[in-house]
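Counting from 0, one number per residue, gives the positions in the sequence shown under numbering that gives the first Met the number 0.
A virtual CB, placed ideally from N, CA and C, is assigned to each residue, including glycine.
Worksheet: the structure to be examined is printed underneath.
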Amino acid sequence: MNKKITYLKIFGVLAVSYLIINIFAKEVFIANTPKIRPNLDRYIASKLNSNIQFLAGLINKRTPEEELKDIPLKMVTKGIYAKDKDNVSQTVIKLNEVEFVEYTFNTSKGPIKIKVPKGQNPPPQGAFE
Numbered sequence: 000m001n002k003k004i005t006y007l008k009i010f011g012v013l014a015v016s017y018l019i020i021n022i023f024a025k026e027v028f029i030a031n032t033p034k035i036r037p038n039l040d041r042y043i044a045s046k047l048n049s050n051i052q053f054l055a056g057l058i059n060k061r062t063p064e065e066e067l068k069d070i071p072l073k074m075v076t077k078g079i080y081a082k083d084k085d086n087v088s089q090t091v092i093k094l095n096e097v098e099f100v101e102y103t104f105n106t107s108k109g110p111i112k113i114k115v116p117k118g119q120n121p122p123p124q125g126a127f128e
């Protein structure tokens, strides 16, 4: 009985060591040569860091809206700012930065005042009938 347990332990140690060598040989040695990486400590640290960040990303899954909060707004034109991430976008219009031209249209219900950004054409009169 003791011989079986001893042989199982030896086989288990050999199997585990074989798996460890197969997994880490690609990380420790350069391109299947017997040369050890000169930057092995930094390489392993960066691999561990990227794996930890990946696992943390799985645990702390942020919605695209939450990720969008960290991105700064970019100016599209004067007074209009936008930002986007993946399939989520946000547009901010700051009316106090936009120059408007006011147009008055006479309709059957009375005059209507429309503010249009400077440099753009007003809508046609027929749009208000």
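Rounded C-alpha distance that separates residue i from residue j
i	j	result
Lys46	Phe99	55 Å
Lys2	Gly11	14 Å
Lys60	Phe28	35 Å
Glu66	Asn120	37 Å
Ser49	Ile35	21 Å
Gly118	Val87	30 Å
Ile4	Asp69	58 Å
Ser16	Gln89	53 Å
N-terminal and C-terminal residue of the alpha helix (DSSP H) that residue i is part of
i	result
Ala24	1–27
Supposed contact pair residue j and residue i - C-beta distance, whole angstroms, cut 8 Å
i	j	result
Lys84	Pro63	6 Å
Ile92	Gly78	6 Å
Lys114	Thr103	With a Cβ gap of about 11 Å, Lys114 and Thr103 do not count as contacting.
Ile148	Glu26	Since the first residue of the chain shown is 0 and the last is 128, residue 148 is not available in this structure.
Candidates the options: closest to residue i by CA position
i	options	result
Leu39	Phe23, Pro123, Gln124	Phe23
Pro116	Lys82, Gly125, Thr76	Thr76
Glu96	Lys108, Ser88, Tyr80, Asn105	Tyr80
Pro122	Lys108, Asn31, Glu101	Glu101
Thr106	Tyr6, Ala126, Ile19	Ala126
Range of the contiguous beta strand (DSSP E) that encloses residue i
i	result
Lys68	Lys68 -> no beta strand (DSSP E), and no H or E assigned at all.
Proximity test, Cβ basis, 7 Å: residue i and chain B
i	result
Asn21	Here chain B cannot be found, since the structure has a single protein chain.
Every unbroken beta strand (DSSP E) within the stretch 29–114, with a cutoff of 3 residues, ordered by chain: 73–76, 79–84, 87–92, 99–106
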